[in-house]
Amino acid sequence: MKPTTTLSTKPISMFFSLLSSLLSNATHGTSSYTTAMGMGNSNAVNGVYLCRGNVSSATCTECMTTAVANIKNLCPNKSESIIWYDECMVRYTNTYFNPLSIDPRLNLWENESISTSEIDEFNEKLLSFLGSLASEAANSVSAVKYSTGEWDFTEEIRVYGLAQCVPGVTNDQCEGCLVNASRTLETCCEGKEGARALLPWCNIRYYLFQFYNTSGTSISPPPPGKKKLDTKTIAIIVVVVVFSVILFCLGCGFLLRRRLRKKYKTLLKENFGDEGAALESLQFSLAAIEVATKKFSNENKIGKGGFGEVYKGILSNGREIALKKLSQSSGQGAIEFKNEVLLIAKLQHRNLVTLLGFCLDQHEKMLIYEYVPNESLGYFLFRSHKSKLLNWSERYRIIKGIAQGIHYLHDHSMLKIIHRDLKASNVLLDSSMNPKI
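In mature numbering (1 follows the signal peptide of the UniProt record, and there is no 0), the protein residues as written are -29 to -1, 1 to 408.
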């Protein structure tokens, strides 16, 4: 945040009108907006906001509401201010918006460095990876100059990255801004497990966990073509019949998809009220879950808790998941289901178990998390033959990770969460023995 000189009375009123205009556009589902008020006046004010490219309109609006309220309180009567959150950025100034400016800026990074001896190689390849994201975002065919990607440095280290520019800048200005952002990370954050560079017109970031949501639908390959027949008349008849069948199948598929979509929307409305519309991208179909868990077979069952059974599964893209199938008789489970989907899905931190989505089907309620292979911290602490595997260095690192996760919940997330059941059995350990609450 960069407050400078104090504004006179007239621009103060324009400043409040400008922030109201920015917030109004956010509530109408616009992910970015730039405006100016008082043109021709020496005290004119300019404003811009940007929401992260993949967040829902509801999340964008929520972040903007918080940002506008805080920028008013933290920077009253200032001629220039900028505030960054994980999901959005708001900026205003009484000077000309220069798309080539790289100030004010802010760098943030993880305390831990990557666990590898090949730091120099990691840094070199990381810059190349961020450069490709910058080029992809700058040359995006869509109006949103945004890109995400992932890169495997080793079998154990996968890096996730994101690059984004404010729409309206040229391709060259966008790429130049992102390249400058990458260079600031090179000077401050070499070898860190995650970092981000926040500039007025762009931002770029990377972490060793997937901090952004992805959604999409897979398209089935077309049916194999027919061989050309000898007789022209028969060929025409076959083409007409095939075309008619395809149209019929497409029509049936469209109607079925429409009915399923309506059914899913109804279920979302029944379970989440008006907030359900923003959760469509997190919803998994029951068919996909049954395939992933082999129809909830006993060999895929890995646990049972107070709210239901837990299964391991593998999605069609090869990703391993842990699925909590809530008991139909558990009213407490239904409350937990609603709370976890509405609240925890908004939290992103390397020391929190990531909620990937959920599944609703009639009376079935399921939560889908990332799969954490090394069981719980309690499993290692309270079994004599396992406790020996944790030396003091490992224990210190685990304690530090738990503290960072709790610190994020208490002070750095938009939602102030108090964890009321923190115990060893509720801390999972991934393949590198990193703790996840």
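Every residue gets a Cβ at the ideal spot worked out from N, C-alpha and C, and that includes glycine.
Taking 6 Å as the limit between beta carbons, can you name the residues of its chain near residue i, skipping five residues before and five after?
i: arginine 321; result: Phe180
i: tryptophan 80; result: Cys160, Lys163 and Ala166
i: methionine 60; result: Leu21
i: isoleucine 369; result: Pro406
i: alanine 395; result: Leu348, Gly349 and Leu352
Can you name the start and end residues of the beta strand (DSSP E) that residue i belongs to?
i: cysteine 59; result: 59 to 64
i: isoleucine 339; result: 335 to 341
i: leucine 77; result: 77 to 80
i: valine 19; result: 16 to 22
i: leucine 257; result: Element bounds for leucine 257: not the beta strand (DSSP E) but the alpha helix (DSSP H), 257 to 263.
i: arginine 167; result: 165 to 169
List the endpoints of the continuous alpha helix (DSSP H) containing residue i.
i: glutamine 375; result: 363 to 378
i: serine 153; result: 142 to 159
i: phenylalanine 329; result: Phenylalanine 329 -> not in any alpha helix (DSSP H); beta strand (DSSP E) instead, spanning 326 to 332.
i: residue 415; result: Examination of residue 415 is not possible in this model, given that the chain is present from -29 through 408 alone.
How should residue i be labelled, buried or exposed, when 16 other C-beta atoms within 10 angstroms of its C-beta is the threshold for buried?
i: phenylalanine 214; result: exposed
i: serine 88; result: exposed
i: cysteine 159; result: exposed
i: phenylalanine 219; result: exposed
i: threonine 204; result: exposed
i: tyrosine 117; result: buried
i: serine 402; result: exposed
i: valine 112; result: exposed
i: asparagine 174; result: buried
i: leucine 408; result: Before going on, a small fix: residue 408 reads as isoleucine here, not leucine. Buried: at least 16 other Cβ atoms inside 10 Å.
i: phenylalanine 225; result: exposed
i: isoleucine 217; result: exposed
i: lysine 295; result: buried
i: valine 212; result: exposed
i: tyrosine 67; result: exposed
i: glutamate 58; result: buried
i: leucine 21; result: buried
i: proline 406; result: buried
i: cysteine 148; result: buried
i: threonine 125; result: exposed
i: leucine 297; result: buried
i: arginine 393; result: With the sequence shown as reference, residue 393 is identified as leucine, and arginine is not the correct amino acid for it. Answer is exposed; the Cβ neighbour count stays below 16.
i: glycine 132; result: buried
i: glutamate 51; result: buried
i: lysine 317; result: buried
i: isoleucine 339; result: buried
i: histidine 383; result: exposed
i: proline 195; result: With a pLDDT of 40 at proline 195, under the threshold of 50, the predicted position of this residue should be treated as unreliable, and no value is reported.
To which residues does DSSP link residue i through a beta bridge?
i: leucine 297; result: Gly279
i: glutamine 135; result: Tyr117 and Asn174
i: phenylalanine 100; result: DSSP output for phenylalanine 100 lists no bridge partner at all.
i: threonine 291; result: Here the sequence assigns glutamate to residue 291, which means threonine is not the residue at that position. Ile285.
i: lysine 407; result: Leu399
i: valine 130; result: Trp122
i: lysine 272; result: Tyr282
i: glutamine 254; result: Phe329
i: isoleucine 54; result: Val61
i: serine 84; result: Lys163
Could you name the residues of the same chain whose beta carbon sits closer than 7 Å to that of residue i, not counting the 5 residues immediately before and after it, in chain order?
i: lysine 387; result: His381
i: serine 358; result: Phe351 and Leu352
i: aspartate 123; result: Arg129
i: asparagine 110; result: Asn142
i: isoleucine 315; result: Leu326
So residue i and residue j are in contact, right, with Cβ under 8 Å, and what is the actual spacing, rounded?
i: alanine 168; j: asparagine 69; result: No, alanine 168 and asparagine 69 are not in contact; Cβ-Cβ is about 18 Å, not under 8 Å.
i: isoleucine 53; j: proline 171; result: 6 Å
i: glycine 24; j: glutamine 135; result: 5 Å
i: cysteine 34; j: methionine 385; result: 7 Å
i: glutamate 146; j: serine 106; result: 6 Å
i: asparagine 362; j: methionine 404; result: Contact flag wrong, Cβ pair sits at about 11 Å.
i: valine 324; j: leucine 399; result: 6 Å
i: leucine 97; j: valine 150; result: Actually they do not touch by this definition, with Cβ atoms about 14 Å apart.
i: phenylalanine 278; j: glutamate 307; result: 6 Å
i: residue 417; j: tyrosine 56; result: The structure shown does not extend to residue 417, since the chain spans only -29 to 408, so no value can be given for it.
i: isoleucine 273; j: lysine 283; result: 5 Å
i: alanine 293; j: valine 343; result: 7 Å
i: asparagine 65; j: valine 16; result: 5 Å
i: serine 153; j: leucine 101; result: 4 Å
Closer than 8 Å by C-beta to residue i: which residues in its own chain qualify, once you throw out the five before and the five after it? Chain order, please.
i: serine 103; result: Gly120
i: arginine 391; result: none
i: leucine 286; result: Ala259, Ala263 and Ile292
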